Each structure stands twice: as structure tokens, then as C-alpha cells.
Amino acid sequence: MKIQGKMFLWLSAFILIMAVVYGVWSKEPVGTTALFLAFGLSVMIGYYLAFTAKRVDEMAQDNLEAEVADEAGELGFFSPHSWQPLSLAVGGALAFMGVIFGWWLMYFSAPIILIGLWGWVYEYYRGENQNQ
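Mind the numbering: the sequence shown is residues 459 to 590 in the working numbering, read in order.
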């Protein structure tokens, strides 16, 4: 994680320099503000990664003499499949269309969104993926 933290901090320095150059050269406030916000976000991520790197064990990418096989093993748990994102996407699309066409559409989108959220939260408590 040390490497990633350093990369983000170097990226934030680059973004800051580009924000100043862009702001002076273009005198356009929206792009300059966006670049300064990107600088802030990059600093936050870099600081978090550098701060967390002190508290976790050294990873293979932090060791200069590490082999590819040193990082082998389980990387985490990933869901094999899920229908819940589709339900949330349909409900979200209907909700945003409700903002455009009429608030009455929210009556149809809210139950779809709630069913999707409920299913996503509890998808490993029932069915074929129970207790995974």
C-alpha cells in the first residue's frame, strides 16, 4: 500500500501544478475548481493509503525482491451472480424518469428500489447462496 499512497500523492502534486497553470492561463473558474477538487480527492486517497500502510502487514508489492507467486492466494469474496443490481437499476431509472415526467412515477419506482435493496442485503441469508 505504500506504493499506491506515494503514487496518489505524486498524482496530487501534478494535479495541483496543472490546476494552477490552467487557472492562470485560461481564467476559467469551473475547470480550475474541478482541478482543485480533483487535487483534494487525490490527497485524501493518498493520505488514507499511506496512513493505512503503516497498520497492515507488508504486501508483496511493497517488497522489492518479491515474486509474482508471493501475492497468490485468495483475494476476497466476490458474489458469483446477483439479480439485485438489475432491480435497482430499473427502479433508479424509473425514479429519475419520475423527476422528468411526473412525480407519480415514484409510486412505481419506490417499491422496485426497496425490493432490490432488500434482496441485495439479504441475498446470502436465503436461496442457493445461503451461508456462503
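From the three backbone atoms N, C-alpha and C, an ideal C-beta is built for every residue, glycine too. All figures in this text were calculated on a predicted structure; none of them were measured in a lab.
Spatial neighbours of A477 within its chain, please: CB distance less than 7 Å, with the 5 preceding and 5 following residues excluded, ordered by chain position.
T490, L493, F494, F497
Assuming I661 and Q519 are in contact, meaning their beta carbons sit under 8 Å apart, how far apart are those beta carbons, in whole angstroms?
The displayed coordinates of the chain run from 459 to 590. Any statement about residue 661 would go beyond what the structure contains.
To which residues of the same chain is M564 closer than 7 Å at the C-beta, ignoring the five residues directly before and after it?
A553, G556
Option nearest F535 by Cα separation, candidates W468, Y582, G577
Of the listed residues, the one whose Cα sits closest to F535 is Y582.
My understanding is that S545 touches I570, with C-beta atoms under 8 Å, so please give their C-beta distance in whole angstroms.
6 Å
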